[in-house]
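To start, the structure under review is shown below, and the notes come after it.
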Amino acid sequence: MAAEIGHFALILALLISLVQATLPFIGASRGDRGLMALASHCAVGSFVFVAFSFAALAYCFVISDFSVALVVSSSQLAKPLIYKITGVWANHEGSMLLWVLILTLFSAAIAVFGRNLPAPLKARVLAVQAMIGSGFLAFSLATSNPFARLADVPLDGKGMNPILQDPGLVIHPPFLYLGYVGFSVAFSFAVAALIEGRVDATWARWVRPWVLTAWCFLTMGITLGSFWAYYVLGWGGWWFWDPVENVSFMPWLAGTALLHSALVVERRHALVNWTLLLSILTFSLSLIGTFVVRSGVLTSVHAFAQDPERGVFILLLLVLATGGALALYAVRIPGLKFGAPFAAVSREGGLILNNVLLVTAVATVFLGTFYPLFIDLIGRDKISVGPPFYARTFVPIMIPLMIVMVVGPTLKWKRDSLRRSLPALRLCLATALGGAVLVAAFTMGTHLLTAMGIGLSLWIISGSFLALASRMKLGRTDLSTSIALARHAPRSFYGLVIAHMGFGFVVGAITTVSTWQQENILTMLPGETTAIAGYTVLLREVRTVPGPNYDADRGTFDVSKNGKSVTTLMPERRFYQVQQQQTTQTGIRTNLISNIYVTLGEQNDQGRWTVRLYYHPLAPWLWLGGATMALGGFISLSDRRFRVGAPQRARTLLAVAPAE
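To get the numbering used here, take the position in the sequence shown, counting from 1, and add 504.
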């Protein structure tokens, strides 16, 4: 019965979304406040029914209702309860329902928290949101019904992909979807503004909190996904430029550019056309990601579906949404008014350069991701684009970006000179050059690129401290005044400092782990020892242990250094009987400076076990840095000027939404 109720709730949500997508538009064009107000009621109602439908599907999973086809394909009796719940979105149908749930959640949030929005703009924004929601609700009901029943009910289910039976599935997809779908709000605001033919500082002030919210969640989603791949797949890596990794990274890059360009619209009423275009393209990249993992155009551990018919449906939605928005953009953009001009050397100029570099980076990743798919589509030989391509194309684009992200905030709005601003950066430059020289000297000149990477990391981190010192006027006034200035600085400014600092941590960690990681692959018998990075590793034993729905070979490795015990690691090699699949559970010891990473492989004919050992210096800061970036964004969101509808204070800010 729960399945039928959930299905019916989904149908009602579609009907409400269709009303929301049409009548408020009519009301906005006629000035009918009753029809415009209907948008908010429909947005909340649609969310309630989708949430009810999602809860009904979750209930089917919890009670193991094997009359529902999706429960059979993604669950089993012996699976722990937490993975029964996460199994709701560990498949194509359930993940699409989660996608729609988050979309309607954002729509309801606009309805509830957007009370100060002009009524016509709010009605149009919610109507555009409903158009997107109607398309995906129709997609779910027509091609991906999560409540489809089976005529013959089995006694047990097939279970989900064993790789997904992990705590990472609990938090990674929801965060990722909150980022993906969150950019729909910027898209809807852009389309609504184009329809109205007006973009002003108020519009930008309303858009920026939603963009920042989506950016924060996507940052966390990508960070969690990277860590999940690191400790689950057992390959010792954290990023492989997999196509599905890339399609989450591209909207993050575009969203970062959008954050900065929206600031220029708010402060100077410039870059209006560019900001509208970025709003459209950022969400379009999110839709492309949705298409890629569900179309069958690639095979990946991240992909949910291999059904081309579903892919065609999503492709049609992508073409309608993006094509329609771009056509509207082409028609209406010549009539929009733009702000006052500005000099090339100015805060606006720095943000434009930031945007150019970020969009170029997006284009590079897009080319590397889709060119091999295009070659395969036209029937030629398969080609592979991997890390070497991105090392030679993406990295050179990011180097000037990292320089600009420190110089830009020191420039004044409208007009400035490098002669005035650059002297303030001397300490940052000295710190960066000092770090680079030390690394080059320590490595006898054999790692000059590594020295550059470390130098850039120190440049960004010291630049963040410089921004704080400048805000406090350290050295230019007495200490009590500096403390008072720090206490009264807006939270958005601290968000900027923290987010940029987090990016510096990530750059330093990437550079260090890429250069100085160590690997040792060998076969071992219990009682044998090996060494890596000054640590001695003893394989004490390997024994078979039962799991709730798997059997595992668990190795016990004693790690010591200079004769002193450091830790005991117990990696596992699991075998799932129902799926007839094996997975790896790694053993990781971290001290926040480095990771020791151990995986247990197969046993050969001589009874020896394949063991992979890795030493990853500064690896924890890959994810701590990503979390710090997101933290900076959330701190900025707590600033009252980032709260939706809050009026802007007359006093100007140095801060900008955290990015880069």
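All C-beta atoms, glycine included, are put in the ideal place defined by N, C-alpha and C.
Predicted, not measured: the structure shown is a model, and the values here were computed from it.
Task: Reduced DSSP secondary structure (H/G/I, E/B, other) of Val657 - done: Indexing the sequence shown from 1 puts residue 657 at position 153. Here Val657 sits in coil by DSSP.
- [ ] Report the residue ranges of all alpha helix (DSSP H) runs contained in full by the segment 817 to 905; include only those spanning at least 4 residues, in chain order.
- [x] For secondary structure counted as the alpha helix (DSSP H) over 4 or more consecutive residues, the segment 817 to 905 holds these complete runs in sequence order: 828 to 836, 851 to 881.
Open item on the list: If distances are taken between C-alpha atoms only, which option among Arg836, Gly939, Pro624 comes closest to Leu952?
Closed with: Counting from one through the sequence shown, the residue named residue 952 turns up at place 448. Nearest C-alpha to Leu952: Gly939.
TODO: Return the CA-CA distance between Ala697 and Leu625, expressed in angstroms with no decimal places.
DONE: Counted from its first residue, the sequence shown places residue 697 at position 193. Counted from its first residue, the sequence shown places residue 625 at position 121. Cα to Cα, Ala697 sits roughly 7 Å from Leu625.
- [ ] Taking Ala690 as the reference, give the member of Thr717, Gly701, Phe679 with the closest Cα.
- [x] Taking the sequence shown and counting its residues from 1, the one referred to as residue 690 is at position 186. Per the Cα distances, Thr717.
Open item on the list: In whole angstroms, give me the CA-to-CA distance for Gly1105 and Ala895.
Closed with: Taking the first residue of the sequence shown as 1, we reach residue 1105 at position 601. Taking the first residue of the sequence shown as 1, we reach residue 895 at position 391. Between Gly1105 and Ala895, the C-alpha separation is close to 30 Å.
Task: the segment 856 to 866 / the segment 900 to 918 touching (three or more Cβ pairs under 8 Å) - done: Taking a cut-off of 8 Å for Cβ pairs, the segment 856 to 866 and the segment 900 to 918 touch, as three or more such pairs fall below it.
TODO: Note down the Cα distance separating Asp885 from Pro876, rounded to an integer number of angstroms.
DONE: Numbered from its first residue, the sequence shown carries residue 885 at position 381. Numbered from its first residue, the sequence shown carries residue 876 at position 372. If you take the alpha carbons of Asp885 and Pro876, they lie about 9 Å apart.
Task: Run of the beta strand (DSSP E) containing Met540, from where it starts to where it stops - done: One-based indexing of the sequence shown puts residue 540 at position 36. Not the beta strand (DSSP E): Met540 falls in the alpha helix (DSSP H), residues 537 to 566.
Task: Distance, Trp743 Cα to His806 Cα - done: The count along the sequence shown starts at 1 and reaches residue 806 at position 302. The count along the sequence shown starts at 1 and reaches residue 743 at position 239. Summary for His806: the model assigns pLDDT 49, below 50, so the residue's position carries little reliability; its value from the coordinates is reported in the next sentence. So the two alpha carbons sit approximately 13 Å from each other.
Open item on the list: the ligand NAD and Ile903: does the residue's C-beta get closer than 7 Å to at least one heavy atom of that ligand?
Closed with: This structure lacks the ligand NAD, and indeed carries no ligand of any kind.
- [ ] Return yes when the Cβ of Ser974 is within less than 8 Å of the Cβ of Ala936, no when it is not.
- [x] Sequence index remark: in the sequence shown, residue 936 carries index 432 (1-based). Sequence index remark: in the sequence shown, residue 974 carries index 470 (1-based). Taking the C-beta atoms as reference points, Ser974 is found no nearer than 8 Å to Ala936.
TODO: Flag this pair as yes or no: are the beta carbons of Leu821 and Thr786 separated by less than 8 Å?
DONE: Translated into positions along the sequence shown, residue 821 becomes position 317. Translated into positions along the sequence shown, residue 786 becomes position 282. No, the pair does not count as a contact, with Cβ atoms beyond the cut-off.
Open item on the list: Beta-carbon within less than 6 Å of Leu978's beta-carbon, same chain only, minus the 5 sequence neighbours each way: which residues are those?
Closed with: For the purposes of this step, residue 978 is taken as residue 474 along the sequence shown, with counting starting at 1. Here Leu978 has Ser986 as same chain residues with Cβ atoms under 6 Å from its own Cβ, once five neighbours each way along the sequence are excluded.
- [ ] Report yes if the C-beta distance between Ala506 and Ala547 is below 8 Å; otherwise report no.
- [x] Along the sequence shown, read from residue 1 onward, the residue named residue 506 stands at position 2. Along the sequence shown, read from residue 1 onward, the residue named residue 547 stands at position 43. Not in contact: Ala506 and Ala547 (Cβ atoms no closer than 8 Å).
Task: Arg709 classed as buried or exposed, judged by whether at least 16 other C-beta atoms fall within 10 angstroms - done: Translated into positions along the sequence shown, residue 709 becomes position 205. Answer is buried; the Cβ neighbour count reaches 16.
Open item on the list: With the cut-off set at 8 Å, would you say Phe687 and Gly637 are in Cβ contact?
Closed with: Residue 687 sits at position 183 when you count from the first residue of the sequence shown. Residue 637 sits at position 133 when you count from the first residue of the sequence shown. Taking 8 Å as the Cβ cut-off, Phe687 and Gly637 do not qualify as a contacting pair.
Task: Range of the contiguous alpha helix (DSSP H) that encloses Glu508 - done: Position 4 of the sequence shown holds residue 508. Taken as a continuous stretch (DSSP letters only), the alpha helix (DSSP H) holding Glu508 covers 506 to 534.
Open item on the list: Which same chain residues end up closer than 8 Å to Ser649 when comparing Cβ atoms and leaving out the 5 residues on each side of it in sequence?
Closed with: Counted from its first residue, the sequence shown places residue 649 at position 145. Reading off the sequence shown, one finds Asn at residue 649, where the question assumed Ser. These residues qualify, in order along the chain: His511, Glu597.
Open item on the list: Assuming the contact rule is C-beta atoms closer than 8 Å, Gly793 and Val751 should be a hit. Round their C-beta distance to whole Å, please.
Closed with: Residue mapping note: residue 793 aligns to position 289 of the sequence shown, counting from 1. Residue mapping note: residue 751 aligns to position 247 of the sequence shown, counting from 1. Right, the Cβ-Cβ distance comes to about 4 Å (below 8 Å), so this counts as a contact.
Task: Secondary structure, alpha helix (DSSP H): runs of 4+ residues fully inside the segment 1035 to 1121 - done: DSSP assignment within the segment 1035 to 1121 yields no whole alpha helix (DSSP H) run of 4 residues or more.
- [ ] Confirm, please, whether the CB-CB distance from Ala766 to Glu852 is below 8 Å.
- [x] Indexing the sequence shown from 1 puts residue 852 at position 348. Indexing the sequence shown from 1 puts residue 766 at position 262. Not a contact, by the Cβ cut-off of 8 Å.
Open item on the list: Which residues does DSSP list as the beta-bridge partners of Met1005?
Closed with: Residue mapping note: residue 1005 aligns to position 501 of the sequence shown, counting from 1. As far as DSSP is concerned, Met1005 takes part in no beta bridge.
- [ ] Put Gln580 into one of helix, strand or coil per three-state DSSP.
- [x] For the purposes of this step, residue 580 is identified with residue 76 of the sequence shown, where counting begins at 1. Of the three classes helix, strand and coil, the one that applies to Gln580 here is coil, per DSSP.
TODO: Alpha carbon to alpha carbon, how far is Pro1050 from Gln1085? Give it in angstroms, no decimals.
DONE: Here residue 1085 refers to the residue found at position 581 when the sequence shown is read from its first residue. Here residue 1050 refers to the residue found at position 546 when the sequence shown is read from its first residue. The straight-line gap from Cα to Cα measures roughly 15 Å.
Task: Status (buried if at least 16 other CB within 10 Å, exposed otherwise) for Trp992 - done: As a working note, residue 992 is residue 488 in the sequence shown. First, the amino acid is wrong: residue 992 is His here, not Trp. Looking at its Cβ environment, which holds fewer than 16 other Cβ atoms inside 10 Å, His992 is exposed.
Task: Three-way DSSP call (helix, strand, coil) for Met1028 in this model - done: Position 524 of the sequence shown, counted from the first residue, corresponds to residue 1028. Residue state, collapsed to three classes: strand.
Open item on the list: Looking at Thr1027: is its Cβ nearer than 8 Å to the Cβ of Val1115?
Closed with: Along the sequence shown, read from residue 1 onward, the residue named residue 1027 stands at position 523. Along the sequence shown, read from residue 1 onward, the residue named residue 1115 stands at position 611. Between Thr1027 and Val1115, the CB-CB gap stays under 8 Å.
TODO: Could you give the DSSP three-state label for Ala694: helix, strand or coil?
DONE: Here residue 694 refers to the residue found at position 190 when the sequence shown is read from its first residue. In the structure shown, Ala694 adopts helical secondary structure according to DSSP, grouped into three states.
Open item on the list: Using a Cβ-Cβ cutoff of less than 8 Å, which residues in the same chain neighbour Gly470 once the five nearest sequence positions on both sides are dropped?
Closed with: With the chain represented from 505 up to 1164, any question about residue 470 goes unanswered, as that position is not in the structure.
- [ ] Evaluate Ser921 with the Cβ neighbour count: other Cβ atoms within 10 Å of its Cβ, from every protein chain shown; 16 or more gives buried, anything less gives exposed.
- [x] Translated into positions along the sequence shown, residue 921 becomes position 417. So Ser921 counts as exposed.
Task: Identity of the residues DSSP links to Glu1023 by a beta bridge - done: Locating residue 1023 in the sequence shown gives position 519, counting from the first residue. Glu1023 pairs with Tyr1118.
Task: Rounded straight-line distance, which links the Cα of Ala1037 to that of Lys662 - done: The residue you call residue 662 lines up with position 158 of the sequence shown. The residue you call residue 1037 lines up with position 533 of the sequence shown. When rounded, the distance between both Cα atoms is 43 Å.
Open item on the list: Cutting at 6 Å between CB atoms, please list the residues of its own chain near Ala652, excluding the five before and the five after it.
Closed with: Taking the sequence shown and counting its residues from 1, the one referred to as residue 652 is at position 148. Hits under 6 Å: Ala573.
TODO: Determine the direct distance from the alpha carbon of Ala865 to that of Gly740, and round the result to whole angstroms.
DONE: By 1-based counting over the sequence shown, the position of residue 740 is 236. By 1-based counting over the sequence shown, the position of residue 865 is 361. Linking Gly740 to Ala865 through their CA atoms gives a straight-line distance of about 26 Å.
Task: Cβ-Cβ separation, Ala1003 to Met1133 (assumed contact under 8 Å), whole Å - done: If you number the sequence shown from 1, residue 1133 lands on position 629. If you number the sequence shown from 1, residue 1003 lands on position 499. Their Cβ separation, rounded to whole angstroms, is 5 Å, which keeps Met1133 and Ala1003 in contact under 8 Å.
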